[in-house]
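Numbering (the numbering used here), first residue to last: 20 to 336.
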C-alpha cells in the first residue's frame, strides 16, 4: 500500500503530461501543417480572383447583359437561343473535329518520339529541349503567323510542291483545308506530352524487358504487353490534359482567320465564337451561357474518360 502511495504522484504526473511519444510527434505534425498552409496561401489568394468571376458568369448566363447597362434577368432565354443558333452548332463541329483528330495523332507522335529518345541517345537533354520548344511557342501569335505564311498561296509548302509540278491548294483560304493546317499545327506542338511520356518510360523497370526477351517476346509484343500497360496512367493524364486544352483552343483560329473564323466558318472554334458574342457583339449574357456549356462539355468528356479508364489504365499497387 505504501508503494502505491509513493508511486501515485508520479503516475498522476505522467497521465497529466500525456505519453512522451505523442508530445514529440504532435509538434512536428503541427509544424508541417503550418508549412503546408503557407505554401497553399498563394493558391488561396488566387482563388479570390477565380471564385468571384465564376459565380458572376453563372448569374450573367441567365441575364441579358451588354457590359454598359445593368443585367436584365431573362431566365433560360440564352440557353434556348443557343439551341437555335446555327453558328454555335458550326463552332461545336469545328472544335470536335479539331479535338478528336489532333489529340490522338499528337499523343501518338509524342509517344513515338519519346520511345526514340528513351533508347539512350547522347545529348538527351538537348534533344528533349529541342522537341519541347514547339509546345512553348505553338500557341503564340508569332508561330501562328509563321504557320499562315508556310501554308499561304505562295508559301513554303506550295513552293516545295511546285518543284514537282504540283499546284498546291490555297491551304489557308480554302474551307476544305484551313482546319487541317491548324490540326497539323497542334500535332507539331507535341513536346509537352512527349516530355511526360519520356519521364514515364524511364521509370519502367528494365527487368521486365529482359525477362520478356529471354522468353522470346518481340519488340512489338514487349511494347504492347509491358510498355503500354505500365505507362497507361501517363497516357491517361496526357489524354485528359490534351483534351481539355483542345476544347479551349482560341489563338490559332483567331490569328489564322483574322478573328472571323473563316473562310466560311471553317476555323470558327467554340472559344472564338464565344469571344465574338461577348466582346464583338457585346452579348455578355449569351457568352456566359456559352462558357457554362463548354464547362459541361469538358466535364462530360472528362467523366467519360475516367469511367473508361477502369478498363485500360493499370496502376502498380
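Note that beta-carbon positions come from the ideal geometry of N, C-alpha and C, so glycine has one too.
Three-state secondary structure assigned by DSSP to residue i
i           : result
residue 177 : helix
residue 92  : strand
residue 279 : coil
residue 321 : helix
residue 192 : coil
residue 40  : Note on residue 40: pLDDT 47, under 50, position unreliable in the model; the coordinate value appears next. Residue 40: helix per DSSP, three-state reduction.
residue 82  : strand
residue 244 : helix
residue 287 : coil
residue 327 : helix
residue 125 : helix
residue 185 : coil
residue 236 : coil
residue 300 : coil
residue 208 : coil
residue 229 : helix
residue 56  : helix
residue 272 : helix
residue 172 : coil
residue 153 : helix
Residue environment, residue i, which counts as buried when at least 16 other CB atoms sit within 10 Å
i           : result
residue 302 : buried
residue 91  : exposed
residue 167 : buried
residue 52  : exposed
residue 71  : exposed
residue 299 : exposed
residue 308 : buried
residue 117 : buried
residue 413 : Summary: the structure shown does not reach residue 413, with the chain confined to residues 20 through 336, and so no result is reported for it.
residue 130 : buried
residue 197 : buried
residue 237 : exposed
residue 323 : exposed
residue 202 : buried
Contact under 9 Å by Cβ, residue i with residue j
i           : j           : result
residue 223 : residue 147 : no
residue 333 : residue 248 : yes
residue 282 : residue 200 : no
residue 122 : residue 265 : yes
residue 82  : residue 304 : yes
residue 271 : residue 205 : yes
residue 216 : residue 185 : no
residue 152 : residue 210 : yes
residue 268 : residue 114 : yes
residue 254 : residue 218 : no
Residue i versus the options, residue with shortest Cα-Cα distance
i           : options            : result
residue 277 : 262, 241, 294      : 294
residue 99  : 325, 331, 312, 321 : 312
residue 134 : 246, 180, 58       : 246
residue 261 : 68, 54, 127, 106   : 127
residue 164 : 221, 325, 275, 314 : 275
residue 341 : 310, 284, 241, 180 : No answer is possible for residue 341: it lies beyond the span of the chain, which begins at 20 and ends at 336.
residue 256 : 137, 310, 84, 331  : 331
The ligand GTP heavy atom lying under 8 Å from the CB of residue i
i          : result
residue 48 : This structure does not include the ligand GTP; it has no bound ligands of any sort.
Task: Segment contact flag, the stretch 76-92 with the stretch 217-234, C-beta cutoff 8 Å, min 3 pairs - done: Cβ pair count under 8 Å is below three, so no.
Open item on the list: Contact between the stretch 282-291 and the stretch 102-116 is defined here as three or more beta-carbon pairs at a separation below 8 Å; is this criterion met?
Closed with: Because the criterion of three Cβ pairs below 8 Å is met, the stretch 282-291 and the stretch 102-116 touch.
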